[in-house]
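Student: Pasting a structure below so you can have a look.
Numbering (full-length UniProt numbering), first residue to last: 1 to 206.
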């Protein structure tokens, strides 16, 4: 392998629960909202919106406290705590910061919409590919069964000298070629389904 790591002689086994989840997954457009990239954009947009709101808030509330000491001893009567309320009638710098935050929020919302459409298109494309591959796989399985029957007949005919070894060898080659193609398609199908799980944000839950 390109990584330099030897492939296990006995292959790699996955728990049946994971295999069943991969094979049994059905697309759900609403699950796009669970996509990691989409959720990250959503968090950034919410943060930008909150920051913009904070900058443009008419009233600011904060906790204040003061403690006085005399020779490392706290003086209770001179120590106090409370709530400070400030009214921002007009602060140009905060207004600019608020407008900048709103613009950032709008840009992030646009990126979220684009990301959703991108993920939806990818989800539908993967599903179409999966459906097409599964139809082709069914056809290959039928061919494989037919070829297996032909091969068995040729072996019987060969034993009674009614079929040539060359014909039987060609059929055997066709059978192995079909088996190999089916394995490749099953691997491709699993990869596409894993990609679907990634799009929907379900991959990490396997």
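Just so you know, even glycine gets a beta-carbon here, dropped at the ideal spot from N, CA and C.
When you compare each of 54, 130, 44 and 43 to residue 195 by their alpha carbons, which one comes out closest?
Tutor: 130
Student: Leaving out the 5 sequence neighbours to the left and right, which residues in its chain are closer than 7 Å to residue 167 when beta-carbon positions are compared?
Tutor: 154
Student: Can you give me the C-alpha to C-alpha distance between residue 176 and residue 19, rounded to a whole angstrom?
Tutor: 25 Å
Student: Please go through the same chain and pick out, in chain order, the residues whose beta-carbon is closer than 7 Å to the beta-carbon of residue 172, but skip the five residues on each side of it.
Tutor: 151
Student: At what residues does the alpha helix (DSSP H) containing residue 167 begin and finish?
Tutor: 165-199 is the span of the alpha helix (DSSP H), which, as asked, contains residue 167.
Student: Given a cut-off of 8 Å, decide if residue 185 and residue 255 are closer than it, judged by their beta-carbon atoms.
Tutor: No statement about residue 255 is possible, as the shown extent of the chain runs from 1 to 206 and does not include it.
Student: Quick one: using the 10 Å Cβ neighbour count with 16 as the cut-off for buried, is residue 14 buried or exposed?
Tutor: exposed
Student: What residues in its chain sit with their C-beta under 6 Å from that of residue 126, if we drop five residues either side in the sequence?
Tutor: Excluding the 5 residues flanking it on each side, residue 126 has same chain C-beta neighbours closer than 6 Å at 192, 195 and 196, in chain order.
Student: In three-state terms, what does DSSP make of residue 51?
Tutor: In the structure shown, residue 51 sits in a helix (DSSP, three-state: H, G or I).
Student: Could you tell me the alpha carbon to alpha carbon distance between residue 199 and residue 30, rounded to whole angstroms?
Tutor: 11 Å
Student: From residue 136 to residue 142, what distance separates their C-alpha atoms?
Tutor: 10 Å
Student: According to DSSP, simplified to helix, strand and coil, what is residue 13?
Tutor: Residue 13: coil per DSSP, three-state reduction.
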